[in-house]
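Let me begin by presenting the structure, written as structure tokens, before commenting on it.
Residue numbers (this note's numbering), protein chains in the order written: chain G, 6 to 370; chain E, 84 to 151; chain U, 3 to 252.
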């Protein structure tokens with residue numbers, strides 16, 4: 006593996022990071038805009054003596070992942086939108102079974118087939134899930150090709166450490182764009198899985214991995230234990246970016262590739278004297294509500310920007326419940342045309358003005 | 084000459100063993116077991132040959148051992 | 003000198019719990035699988051896949067590592083296990099609804115890939131766990147809770163013949179249909195189950211056994227009467243026999 010900076014496409018970066026992280030098994034079904042991941046791994050994995058299966062469907066892929074993960078190996082699948090929809094049943098089982106594995110979800114525009122344009126329309130799909138029952142799909146959202154690599158590592162680590170499915174939520178723009186990045190060494194410690202993983206009942210009692218539980222009290226305790234893990238993940242594995250938050254009156258909230266464009270717009274706003282900052286959650290689920298609330302107590306308003314109709318917006322609103330006199334504005338569109346820095350800057354100006362007017366009654370920008 | 088070890092509390096009274104036994108050694112008990120069934124019992128007047136047919140057809144593994 | 007001629011197989015737990023209804027063939031099928039694992043000496047490196055249906059409580063009796071699968075996905079889960087740990091012996095224990103209805107795609111594709119796993123399918127012509135509804139193998143004319151006047155072609159189509167389909171799939175190395183309606187049939191079934199595991203152990207491909215089994219509760223029959231049905235109308239449609247045997251060829 007080359008350790009120097011190279012020009013890498015997001016999808017290949019994720020695939021190379023998976024190899025570097027020690028991913029032992031990959032299962033997937035092609036769907037644009039993430040097919041390069043499977044294409045790349047179809048050659049690399051067998052060369053390394055690792056498992057690659059082009060599955061008959063995403064339903065099969067996620068269940069192969071369940072089987073692989075149950076043996077304690079690092080396992081991954083990658084997919085997109087309408088195909089990730091097919092994986093929801095499996096994700097619920099994997100969460101209930103407490104099996105570690107990684108799902109790379111490269112969002113396209115929806116609903117239905119939509120198209121392969123960049124979109125952030127699957128924030129709800131990742132963070133609110135479509136699978137049944139009480140569980141969370143731990144989700145990290147990268148904003149650059151470098152982060153595609155670093156967070157793929159993080160996803161493997163967190164999944165193995167906490168025995169939970171973890172999602173890397175990228176979008177078509179990140180998957181398809183090229184930029185300089187370094188595939189560094191996997192930076193995390195290896196987590197021993199031998200005390201629970203299936204390996205054959207040799208010199209020990211047989212183990213079973215299941216979500217089914219006939220005793221109601223045991224079932225309750227099991228789900229509560231799973232939720233304790235989410236709290237721990239939020240506490241210990243949280244990743245976020247705060248930019249120019251100190252002294253800001255208006256804070257932009259955005260995630261993934263949109264946050265990157267928003268950051269450039271914030272720089273522009275600062276240059277023009279507007280007191281604007283950016284908060285970018287990278288860990289989207291569990292959502293960093295406390296941090297958002299702390300920020301809310303020091304500012305006049307949020308402008309949430311997403312390439313969807315306002316999905317993370319719901320989590321922002323829920324986070325600031327009880328905070329008085331705060332404006333929450335939203336700017337976004339469902340899919341397709343990427344936002345420009347100028348476009349976001351203009352929106353910052355409008356919101357800033359509105360917010361100040363609301364507070365002081367007159368325009369004083 | 085043979086002998087079976089029967090766990091009467093595992094028997095669910097399907098009586099497939101009664102039909103399978105060539106010497107009619109097994110028959111229904113008139114006392115219920117822990118599961119609430121009338122399990123099979125060994126008729127001491129009949130001679131078991133230790134063919135293990137009863138154990139092979141038993142879906143509940145209630146016949147734990149067969150000796151010959 | 004008295005000799006022990008039968009005992010509970012080691013691949014069944016000492017404190018096992020048989021969760022099936024009285025007279026249900028599942029119990030015999032489970033025991034045969036366990037006896038084969040014992041005889042092949044593979045218990046300690048076996049990983050079983052429990053499917054949804056009456057077989058979901060496999061971990062109550064099998065003395066091997068078990069992972070649960072969602073309904074129909076057992077052979078996808080088995081693929082994930084086997085590809086990740088090729089030295090393990092992997093088997094699925096599924097019902098006909100699981101393997102041939104909701105999971106037919108997973109079944110055919112795992113076998114098309116020739117996954118080196120063993121699949122055991124209990125065909126009892128009904129969805130037993132949910133109370134006896136019509137499934138993919140329900141016979142024409144059979145009364146169930148969803149074919150109250152008997153299965154008719156106009157509404158429900160035809161019963162699916164699993165072995166006849168799977169023998170045509172190139173990746174299968176052993177395909178057989180057996181019954182458990184007599185001591186002799188049970189011995190014969192065990193031979194087939196053993197072959198289906200040997201197909202895996204020899205790396206020939208997927209081993210498959212369909213077991214025509216009774217569901218006395220939902221058929222509303224005595225266990226003995228249910229066996230008569232297996233011998234009669236069930237065997238007339240689903241013909242028992244070895245459909246493919248590459249294990250004996252090598």
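C-beta atoms are modelled at their ideal positions from N, C-alpha and C, and glycine is treated no differently.
Computed from a predicted structure; not experimentally measured.
Boundaries (first-last residue) of the alpha helix (DSSP H) holding residue i
i, result
"residue 89/E", "Here residue 89/E belongs to no alpha helix (DSSP H); instead the beta strand (DSSP E) covers 86-89."
"residue 83/U", "76-86"
"residue 236/U", "No alpha helix (DSSP H) contains residue 236/U, which DSSP labels as neither H nor E."
"residue 1/U", "Residue 1/U is absent from the structure shown; chain U starts at 3 and stops at 252."
"residue 320/G", "317-324"
"residue 227/U", "225-231"
Whole-angstrom distance between residue j and residue i, CA atom to CA atom
i, j, result
"residue 331/G", "residue 248/G", "20 Å"
"residue 140/E", "residue 171/G", "47 Å"
"residue 86/G", "residue 40/G", "13 Å"
"residue 250/G", "residue 264/G", "14 Å"
"residue 370/G", "residue 150/G", "Since pLDDT at residue 370/G reaches only 49, below the 50 mark, its modelled position is unreliable, and no value is offered."
"residue 221/U", "residue 32/U", "21 Å"
"residue 253/U", "residue 118/U", "Past the boundaries of the shown model lies residue 253/U; chain U is included only from 3 to 252, so the question cannot be answered."
"residue 52/G", "residue 90/U", "22 Å"
"residue 61/G", "residue 36/U", "31 Å"
"residue 52/U", "residue 60/U", "6 Å"
"residue 100/G", "residue 232/G", "10 Å"
"residue 120/G", "residue 161/U", "40 Å"
"residue 186/G", "residue 21/G", "11 Å"
"residue 123/E", "residue 105/E", "15 Å"
Three-state secondary structure (DSSP) of residue i
i, result
"residue 111/E", "strand"
"residue 26/U", "coil"
"residue 216/U", "coil"
"residue 291/G", "coil"
"residue 52/G", "helix"
"residue 172/G", "strand"
"residue 142/E", "coil"
"residue 217/G", "coil"
"residue 160/U", "coil"
"residue 228/G", "helix"
"residue 370/G", "Note that residue 370/G scores a pLDDT of 49, beneath 50, so its modelled location is shaky; the value from the coordinates is reported in the next line. DSSP places residue 370/G in coil when its eight states are reduced to three."
"residue 33/G", "strand"
"residue 125/U", "strand"
"residue 66/G", "helix"
"residue 285/G", "strand"
"residue 251/U", "helix"
"residue 186/G", "strand"
"residue 179/U", "strand"
Residue i at chain E interface by Cβ criterion, 8 Å
i, result
"residue 193/U", "no"
"residue 20/U", "yes"
"residue 8/U", "yes"
is_contact[residue i, chain U] using C-beta, thresh 8 Å
i, result
"residue 109/E", "no"
"residue 99/E", "yes"
"residue 264/G", "no"
"residue 61/G", "yes"
"residue 115/E", "no"
"residue 27/G", "no"
"residue 76/G", "yes"
"residue 213/G", "yes"
Exposure of residue i, with buried meaning 16 or more beta-carbon neighbours within 10 Å
i, result
"residue 96/U", "buried"
"residue 197/U", "buried"
"residue 344/G", "buried"
"residue 355/G", "exposed"
"residue 301/G", "buried"
"residue 123/G", "buried"
"residue 155/U", "exposed"
"residue 153/U", "buried"
"residue 70/G", "buried"
Test: residue i CB closer than 8 Å to a CB of chain G
i, result
"residue 232/U", "no"
"residue 226/U", "no"
"residue 68/U", "yes"
"residue 90/U", "yes"
Extent of the continuous beta strand (DSSP E) to which residue i belongs
i, result
"residue 245/G", "245-248"
"residue 306/G", "306-311"
"residue 68/U", "67-70"
"residue 247/U", "243-247"
"residue 13/G", "11-14"
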